[in-house]
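This report concerns only the one structure given below.
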Amino acid sequence: MKKILAALLCAILLLSCMTAFAASSYIVATGDVNVRSGPGLGYSILGTIRKGGTLDSDGTTSVDSRGVAWYRVYYGSNTYGWVSSVWATLYSGGSGSVVQPGGATYVRATASVNLRSGPGTGYDDIGTLAKGEQVRYLSSSTDSRGNVWYQVQYYSYGTGWVSSVYSELVYGNSSGVADTTTNVAGSYVKATNGKSNLRTGPGLGYADVGTMQKGETATYLGSYSTDERGVVWYQVRFEGQTGWVSSRYTTLY
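Right under this line is the structure:
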């Protein structure tokens, strides 16, 4: 009888362990990522996980002074470590779905990144986020290559998707990026960062009425305006047409 009870107890404990393991979370490295002793760049490095590597996690997240989320992982025997969400994605062990860290409400571009109509490079480009620009986070999706994409609210223009390779989840409290250093005094505007669309008003929502090719120059009419993203637009005269061009693709001199 005692042997039967002992066997039943072992079976129950084994089933509990299996259930706990199945329900646990885990991270997948989206790039080579350091495992640190605490949730921030100032903590010591315990080791490195290569792109595609996995570690079990207890699902705990923490946010550093930059607003970046970190995930707590099991690393070695009886040791906890932390990995940055910039280079890792947290998944739920039970469902295999991407876990959004609680409270992370914005996506910040870590480099200039295309905004696409869907979660993958095969979708149309519908805009660009400049490095440091942040927009409201909506959801996440993983493409066929295992890369995570963030769905974002692109101001009043609609929704789009950006790659986590060039962006990060942050706990911000505002969209856009301040553009307080843009020059607003001069006589001419030159397209310096590729083609620049000439629009009927100072913003992406206005109609295109022409295009300035890189190197072409327009006459500055002395008026400027800042759109909802914090980007300055110049009113110009170009090839007989009056319109507005973005300071992101032009230089005033």
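In my numbering, the protein residues as written are 5 to 257.
We put the beta carbon where it would ideally sit given N, CA and C, even for glycine.
Compare the Cα-Cα distances from residue i to each of the options and report the closest residue.
| i | options | result |
| --- | --- | --- |
| residue 162 | 190, 226 and 121 | 121 |
| residue 249 | 239, 196 and 62 | 239 |
| residue 44 | 54, 94, 90 and 78 | 90 |
| residue 78 | 164, 111 and 63 | 63 |
| residue 193 | 33, 242 and 173 | 242 |
| residue 72 | 213, 30, 205 and 138 | 138 |
| residue 31 | 140, 70 and 92 | 92 |
Nearest-angstrom Cα distance between residue i and residue j?
| i | j | result |
| --- | --- | --- |
| residue 84 | residue 221 | 58 Å |
| residue 234 | residue 209 | 14 Å |
| residue 26 | residue 127 | Annotation note: pLDDT 39 at residue 26 (below 50); position unreliable, coordinate value reported separately. Their Cα atoms are separated by approximately 35 Å. |
| residue 191 | residue 203 | 19 Å |
| residue 130 | residue 119 | 6 Å |
| residue 157 | residue 252 | 20 Å |
| residue 147 | residue 226 | 46 Å |
| residue 41 | residue 58 | 17 Å |
| residue 195 | residue 82 | 58 Å |
| residue 124 | residue 237 | 30 Å |
| residue 35 | residue 142 | 23 Å |
| residue 110 | residue 136 | 12 Å |
| residue 245 | residue 33 | 51 Å |
| residue 87 | residue 175 | 17 Å |
| residue 247 | residue 160 | 21 Å |
| residue 80 | residue 228 | 58 Å |
| residue 154 | residue 144 | 5 Å |
| residue 65 | residue 211 | 44 Å |
| residue 116 | residue 52 | 27 Å |
| residue 4 | residue 254 | Given a span of 5 to 257 for the chain in the structure shown, any question on residue 4 remains unanswerable. |
| residue 152 | residue 75 | 16 Å |
| residue 213 | residue 224 | 17 Å |
| residue 189 | residue 56 | 50 Å |
| residue 70 | residue 164 | 24 Å |
Taking the beta strand (DSSP E) that residue i belongs to, which residues open and close that run?
| i | result |
| --- | --- |
| residue 67 | 58-67 |
| residue 32 | 29-33 |
| residue 95 | 92-96 |
| residue 202 | 200-203 |
| residue 129 | 129-133 |
| residue 229 | 221-230 |
| residue 78 | 73-78 |
| residue 256 | 254-256 |
| residue 172 | 171-174 |
| residue 247 | 245-250 |
| residue 113 | 110-113 |
| residue 122 | Neither: residue 122 is in no beta strand (DSSP E) and is coded neither H nor E. |
Does the Cβ-Cβ distance between residue i and residue j come in under 7 Å?
| i | j | result |
| --- | --- | --- |
| residue 113 | residue 94 | no |
| residue 207 | residue 231 | yes |
| residue 187 | residue 256 | yes |
| residue 50 | residue 39 | yes |
| residue 61 | residue 29 | yes |
Using a beta-carbon distance below 7 Å, is residue i in contact with chain B?
| i | result |
| --- | --- |
| residue 195 | Absence of chain B from the displayed structure is noted, only one protein chain being present. |
Cβ of residue i within 6 Å of any heavy atom in the ligand MN?
| i | result |
| --- | --- |
| residue 237 | Among the components modelled here there is no ligand, and therefore nothing to report on the ligand MN. |
Could you say if the region 167-175 and the region 203-218 meet the contact criterion of at least three C-beta pairs nearer than 8 Å?
-> No, the region 167-175 is not in contact with the region 203-218.
For the 8 Å Cβ check, are there 3 or more pairs between the region 133-153 and the region 35-51?
-> no
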